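Q: First to last, the protein sequences are chains W and U. For the record, in the first sequence the residue sitting at position 48 is 48 according to full-length UniProt numbering, with numbers rising by one throughout. For the record, in the second sequence the residue sitting at position 505 is 505 according to full-length UniProt numbering, with numbers rising by one throughout. Structure provided below as structure tokens; questions to follow.
Protein chains: 2
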Amino acid sequence: MGALRLPSLTSLSSAAAAIPRHRCRRELRLPFRRLSSTNFSAAETELPTTTTPPKPKIQQDKDRVITPRSQDFNAWYLDIIANAELADYGPVRGTMVIRPYGYAIWEAIQDYLNVKFKETGHSNMYFPQFIPYSFIEKEASHVEGFSPELALVTVGGGKELEEKLVVRPTSETIVNHMFTQWIHSYRDLPLMINQWANVTRWEMRTKPFVRTLEFLWQEGHTAHATPEEAEKEALQMIDMYTKFAYQQAAIPVIAGRKSKVETFAGASKTYTIEAMMGDRKALQAGTSHNLGQNFSRAFGTQFTDETGQRQHVWQTSWAVSTRFVGGIIMTHGDDTGLMLPPNLAPIQVIITPIWIKTDEKSGVLDATTSVKESLQAAGIKVKVDDSEQRKPGWKFNFWEMKGVPLRIEIGPRDVSSRSVVISRRDIPGKQGKVFGISMESSTLVGYVKGKLDEVQSSLLEKAKSFRDSNIVDVGSYDELKEAIAQGKWARGPWSASDKEEIKVKEETGATLRCFPFEQPQGTKKCLMTGDPADEVAIFAKSY
Amino acid sequence: MGALRLPSLTSLSSAAAAIPRHRCRRELRLPFRRLSSTNFSAAETELPTTTTPPKPKIQQDKDRVITPRSQDFNAWYLDIIANAELADYGPVRGTMVIRPYGYAIWEAIQDYLNVKFKETGHSNMYFPQFIPYSFIEKEASHVEGFSPELALVTVGGGKELEEKLVVRPTSETIVNHMFTQWIHSYRDLPLMINQWANVTRWEMRTKPFVRTLEFLWQEGHTAHATPEEAEKEALQMIDMYTKFAYQQAAIPVIAGRKSKVETFAGASKTYTIEAMMGDRKALQAGTSHNLGQNFSRAFGTQFTDETGQRQHVWQTSWAVSTRFVGGIIMTHGDDTGLMLPPNLAPIQVIITPIWIKTDEKSGVLDATTSVKESLQAAGIKVKVDDSEQRKPGWKFNFWEMKGVPLRIEIGPRDVSSRSVVISRRDIPGKQGKVFGISMESSTLVGYVKGKLDEVQSSLLEKAKSFRDSNIVDVGSYDELKEAIAQGKWARGPWSASDKEEIKVKEETGATLRCFPFEQPQGTKKCLMTGDPADEVAIFAKSY
């Protein structure tokens with residue numbers, strides 16, 4: 001059917017005419033400014049607090065293309081963020097404005113996790129963001145980890161404050177201060193809460209979504225009567241994040257335990273999900289900490305157990321942040337732009353009506369509306385681009401660049417045949433395009449849902465095979481160095497010291513990302529020392 | 001049927017025995033500490049930045065009663081907040097921890113408004129909370145209004161900052177800084193966004209929910225091509241807030257326009273919804289501002305219109321905050337505690353199973369589960385209190401104090417007769433109690449939904465008649481003073497000067513709350529000057 005349609009479309013040239021449907025690469029003309037990495041990230045010296053606001057620009061259609069991913073991964077990433085309107089720089093160095101399209105991805109993440117948190121017995125609440133400086137100092141390794149990154153409020157209501165206030169970098173300290181007042185007996189446990197909040201860390205090297213001075217996250221905090229319960233909770237939450245990453249974000253993360261060196265400041269154990277980005281760098285995409293009694297001892301968070309004894313509670317905390325949006329971009333995006341997993345896409349289907357003659361317009365638009373309503377009624381997130389300022393070809397490029405999983409085209413012939421054309425974002429050109437799908441609601445809805453599921457699975461499979469082809473099993477430090485030098489992840493037996501772990505970082509730039517939960521059977525020898533090793537670890541360069 | 005049941009219940013006295021069902025007032029024994037107003041609110045001098053953390057307490061069942069509302073409204077309010085576990089004090093003076101039950105009310109507010117905002121074309125996004133100090137100074141009246149209340153970050157990452165940063169008290173300045181970069185032509189308009197965020201105002205007199213150093217809100221910001229569109233938007237949003245207040249919160253607010261004196265710092269016009277609390281003080285519960293071109297001129301936010309001319313955009317902003325939760329408490333609460341409107345109640349129905357003999361337990365609990373599941377399946381927010389530590393009478397008190405609109409009791413007799421007993425929170429004692437409602441799912445669901453609707457309407461009607469009986473029409477300043485002295489709202493024609501408006505405040509403590517949208521017909525004479533007046537205004541003491 002495609003061959004029958006094409007001639008009539010390629011010969012069109014009126015105001016709203018179509019660009020040939022079989023063209024795979026089309027010129028992208030976008031009026032947006034490019035984000036420059038040098039503006040956002042800055043060296044540790046010479047940091048201007050604010051960037052100069054750019055002068056207002058008149059709308060202009062300069063040619064803009066997204067830097068090819070293979071050419072410059074970082075430039076490509078920033079181009080996507082700017083052109084897909086995911087985020088923009090805030091006026092203060094290292095801050096980010098999350099624009100509606102980027103925020104909608106975050107909202108989809110929130111919607112999913114929020115339900116899961118509640119299903120597993122957690123309640124949302126809200127703690128103040130100002131923390132007395134003295135709190136941060138109470139847990140020794142916590143203050144050591146966070147003090148270099150703090151933003152401090154020293155003036156309030158026109159007066160110098162007696163005690164400076166920390167703008168929360170995380171909330172363990174204030175949470176424990178409050179838990180100490182709420183927890184009295186074993187009947188008050190477990191206490192399981194979560195908050196959706198902004199946090200501030202004065203990072204020197206920033207990158208939109210991945211590492212910003214202020215970011216959004218959820219932070220869960222729980223208190224339990226026994227260490228076993230706390231451990232179970234910490235594992236439950238990293239498992240929830242893992243499922244979320246696989247099923248919703250189509251990111252095949254590797255879940256595991258952090259080494260002592262990489263453990264959260266104040267935690268006994270940190271569990272992590274590590275994702276491989278398109279440049280093969282690792283991104284820590286979520287963490288869950290077993291805090292043991294570290295904070296409860298520092299803050300005196302005690303309960304009376306069933307035998308009447310006073311005991312310190314056992315705690316966990318766990319978080320996922322707007323960094324995850326960066327992970328989605330860098331896992332699935334390609335030279336054309338963003339590619340969103342259907343389960344988290346703000347727009348799952350873009351409909352482009354196409355007409356040439358004025359008398360065709362109303363028929364095409366009526367059919368478009370009817371198709372839109374069918375899909376919407378079925379819970380599919382659909383948008384119509386019926387603007388007349390842009391030609392269809394421009395729209396195709398635009399919505400592909402925005403990563404919309406499916407495109408539906410409806411032209412006069414489609415109206416006659418009561419069918420539509422559907423293209424997949426993840427398969428370029430003819431291969432991803434199917435003609436003649438019936439407009440009839442039940443057929444179309446079923447077809448579209450099926451295709452969205454296919455795209456979702458396909459993104460995961462593609463990311464999985466990319467990941468697996470870039471993990472190298474190594475048996476010696478030389479092999480590790482070679483794998484890292486090739487930009488890959490090195491996986492090998494590890495039982496060496498913290499000092500040797502730090503040496504690897506200094507010499508190769510790679511860090512120990514995790515000891516994966518999935519471990520090979522059999523006896524192993526540490527790649528560094530040759531001593532017996534219980535586990536393999538993964539080393540990689542990371543964001 | 002009630003008479004038939006009571007004897008068997010009043011004679012019970014085993015571990016989980018019931019307290020007689022006809023008792024209207026029962027002793028309330030709660031283990032919670034009381035919030036003291038002196039800890040939270042403080043005079044302008046001698047402000048400790050942090051309060052001393054209270055020592056951990058062993059759980060104890062001291063007798064606790066909520067201060068009667070008529071005796072001390074403020075103490076009553078704080079008692080409800082503490083006992084219903086809505087909020088607690090944060091460690092920094094004037095900050096508040098919003099506990100799960102209080103936060104769930106805020107989430108219900110968010111759920112409703114978020115859908116309405118999106119339906120009317122607004123997109124959520126997120127702006128950084130740190131604003132360069134110079135931004136605040138750009139709009140003259142804005143800096144005048146906000147500079148006394150600012151929290152300033154002066155240290156970041158261990159270094160003194162070159163330019164101090166304001167922790168956002170509101171976001172008009174940073175929004176305009178960004179709008180200036182995004183808006184180029186009339187095609188980019190209207191630009192309509194919203195953000196859910198925390199904001200900080202260094203208030204001297206604080207009160208949980210009503211006025212806190214940090215609070216949560218939504219702030220909408222829009223930019224339009226014409227003043228008419230901006231005005232229409234500002235009115236649309238105050239109308240949305242009004243409907244929300246009436247339909248969801250059962251608060252019969254009076255919507256109107258603020259006087260020039262009371263207009264938001266930087267706005268051309270401020271619209272407001274004013275709610276009458278149980279002590280007859282006014283609470284400004286939401287505002288919508290027509291900003292005119294004040295910020296667009298200060299920040300150079302311009303667009304090219306259809307004729308190619310550069311013009312400044314016309315803007316609005318509008319907000320509702322966690323203060324609204326305080327409004328709900330102070331509108332509907334009574335001596336027994338909180339009373340929540342069903343549409344915003346985190347728990348709409350509490351089910352209390354009651355059994356005496358061990359062999360009755362499983363039958364009662366099975367019936368309870370089945371009733372719970374029926375209601376849940378119908379979308380009703382239901383909770384079962386089957387704890388065995390507390391007697392039914394204690395539970396009745398507890399959940400009444402928590403403001404749950406309906407209580408269902410299920411005892412062995414109810415199981416035999418396949419029926420339940422339902423009590424309304426808003427009608428105490430026998431009058432609010434109905435026996436013998438069938439457990440059969442469709443009957444019960446229909447009955448419960450109907451009752452929830454009745455409670456919702458009834459709360460609104462009660463609040464309306466309270467409001468109307470406390471607004472006095474006045475024709476002279478003497479009458480105004482008398483009405484205010486009686487604690488009422490004074491409504492009268494007003495066309496006097498700002499100076500005279502300020503005089504009223506100084507002499508009576510009352511401020512001009514608004515010129516209501518609903519105005520009486522006919523010619524009027526200003527109550528202060530006797531000059532012709534176009535409108536009546538409402539004066540009242542306020543929070």
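Glycine residues also receive a C-beta, built at the ideal position from the N, C-alpha and C atoms. Only a predicted model underlies this, so the values are computations on that prediction, with no experimental measurement involved.
Do you know how far the Cα of U:Gly393 is from the Cα of U:Phe209?
A: C-alpha separation (whole angstroms): 30 Å.
Q: Does U:Ala298 get closer than 8 Å to chain W when you measure Cβ to Cβ?
A: Answer no: the Cβ-Cβ gap between U:Ala298 and chain W never drops below 8 Å.
Q: Using the beta-carbon count (16 or more within 10 Å), is W:Thr272 buried or exposed?
A: When all chains shown are included, W:Thr272 counts as buried.
Q: When you compare only the Cα positions, how much space is there between residue 597 of chain U and U:Asn470?
A: One cannot answer for residue 597 of chain U here, as it falls past the ends of chain U, which runs 1 to 543.
Q: Could you have a look at W:Gly522 and say whether DSSP puts it in helix, strand or coil?
A: In this structure, W:Gly522 counts as coil in the three-state DSSP scheme.
Q: Should U:Ile484 go down as buried or exposed, given a rule of 16 or more other Cβ atoms within 10 Å for buried?
A: Buried.
Q: Nearest to U:Val339 by CA position, among U:Ala225, U:Pro428 and U:Gly158, is which residue?
A: In the sequence as displayed, the identity of residue 339 of chain U is Met instead of Val. Of the listed residues, the one whose Cα sits closest to U:Met339 is U:Pro428.
Q: Verify the CB distance criterion: does U:Pro208 have a CB-CB separation below 8 Å to chain W?
A: No, its Cβ sits nowhere closer than 8 Å to a Cβ of chain W.
Q: Take U:Arg201 and list the residues in its own chain whose beta-carbon comes closer than 6 Å to its own, dropping the five residues that flank it on each side.
A: Once the five neighbours on either side are set aside, the close Cβ partners of U:Arg201 are Glu149 and Pro169.
Q: Using Cβ-Cβ distances below 7 Å, what residues of the segment 106 to 120 of chain U are close to chain W?
A: Residues Glu107.
Q: Can you give me, in chain order, the residues of the segment 149 to 177 of chain W that have a beta carbon less than 7 Å from any beta carbon in chain U?
A: Under the 7 Å Cβ criterion, the segment 149 to 177 of chain W contributes Glu149, Ala151, Leu152, Val153, Thr154, Val155, Gly156, Gly157, Gly158, Leu161, Glu162, Glu163, Leu165, Val167, Ile174 and His177.
Q: Could you work out which residue in U:Leu235, U:Glu85, U:Thr173 and U:Arg257 is closest to U:Asn293 when comparing CA atoms only?
A: For the record, residue 293 of chain U in the displayed sequence is Gln; it is not Asn. Per the Cα distances, U:Thr173.
Q: Report the rounded CA-to-CA distance for U:Asp346 versus U:Pro100, giving the unit in angstroms.
A: The sequence shown places Pro at residue 346 of chain U, not Asp. Going by the C-alpha atoms only, they are around 10 Å apart.
Q: In whole angstroms, what separates the C-alpha of W:Asp305 from that of W:His312?
A: Rounded to the nearest angstrom, the two C-alpha atoms are 10 Å apart.
Q: Which residue comes first and which comes last in the beta strand (DSSP E) that contains U:Gln376?
A: Per DSSP, U:Gln376 belongs to no beta strand (DSSP E); it is in the alpha helix (DSSP H), Thr358 to Ala377.
Q: Label W:Thr523 either buried or exposed according to how many other C-beta atoms from any shown protein chain fall within 10 Å of its C-beta, with 16 as the threshold for buried.
A: Exposed.
Q: Taking C-beta pairs closer than 8 Å, name the residues in chain U that W:Arg99 reaches, listed in chain order.
A: Correct list: Met125.
Q: Cα separation between U:Ala496 and U:Ala490?
A: Roughly 15 Å between the two C-alpha positions.
Q: With a threshold of 6 Å on Cβ separation, who are the neighbours of U:Glu137 within its own chain once the five nearest residues in sequence on each side are excluded?
A: These residues qualify, in order along the chain: Val143.
Q: Compute the distance between the beta-carbons of W:Ile251 and W:Thr331, then report whether it is under 8 Å.
A: Yes, they are a contact pair.
Q: Pick from U:Phe466, U:Pro341 and U:Asp473: whose alpha carbon is nearest that of U:Phe244?
A: Residue U:Pro341 is the option with its Cα nearest to U:Phe244.
Q: Of all Cβ atoms in chain U, is any one closer than 8 Å to the Cβ of W:Thr523?
A: No, because no Cβ of chain U sits closer than 8 Å to the Cβ of W:Thr523.
Q: Along the chain, where does the alpha helix (DSSP H) that runs through U:Glu119 open and close?
A: Here the alpha helix (DSSP H) through U:Glu119 covers Pro100 to Glu119.
Q: Look at the alpha carbon of U:Asn39 and the alpha carbon of U:Met96, and state the distance between them as a whole number of angstroms.
A: For U:Asn39, the pLDDT reaches just 45, beneath the cut-off of 50, and the residue's location in the model is therefore unreliable, leaving the point undetermined.
Q: Excluding the 5 residues preceding and the 5 following W:Val175 in the sequence, name in chain order all residues of the same chain whose CB lies nearer than 7 Å to its CB.
A: Within the same chain, W:Val175 has close Cβ partners Phe127 and His221.
Q: I want to verify the contact list: residues of chain U whose CB lies under 8 Å from the CB of W:Val92, in sequence order.
A: Simply Pro128, Phe130, Ile131, Pro132 and Leu165.
Q: Does DSSP put W:Ser442 in a helix, a strand or coil?
A: It is helical.
Q: Got a sec? Which residues, its chain only, sit under 8 Å from U:Lys361 by beta carbon, not counting five neighbours each side?
A: Closer than 8 Å at Cβ, skipping near neighbours: Trp355.
Q: Tell me which residues of the segment 332 to 346 of chain W have at least one Cβ-Cβ distance to chain U shorter than 8 Å, keeping chain order.
A: Within the segment 332 to 346 of chain W, no residue has a Cβ that lies closer than 8 Å to any Cβ of chain U.
Q: Which residues in the same chain as U:Asp498 place their Cβ atom closer than 8 Å to its Cβ, once the five residues preceding and following it in sequence are excluded?
A: Cβ within range, chain order: Ser259, Lys260 and Val261.
Q: Mind pulling the chain W residues with CB within less than 8 Å of U:Pro214?
A: According to the sequence as given, residue 214 of chain U is Glu; it is not Pro. Simply Pro128, Gln129 and Phe130.
Q: Which residue comes first and which comes last in the alpha helix (DSSP H) that contains U:Pro353?
A: No alpha helix (DSSP H) contains U:Pro353, which is instead part of the beta strand (DSSP E) from Val349 to Pro353.
Q: By DSSP, does U:Asn74 sit in helix, in strand, or in coil?
A: Helix at U:Asn74.
Q: What's the gap between the Cα of U:Asp473 and the Cα of U:Met276?
A: Straight-line Cα distance between these residues: approximately 16 Å.
Q: Given a cut-off of 8 Å on the beta-carbon distance, is the pair W:Gln284 and W:Leu113 in contact?
A: No, Cβ-Cβ distance for W:Gln284 and W:Leu113 is not below 8 Å.
Q: Does DSSP put W:Arg93 in a helix, a strand or coil?
A: W:Arg93: coil per DSSP, three-state reduction.
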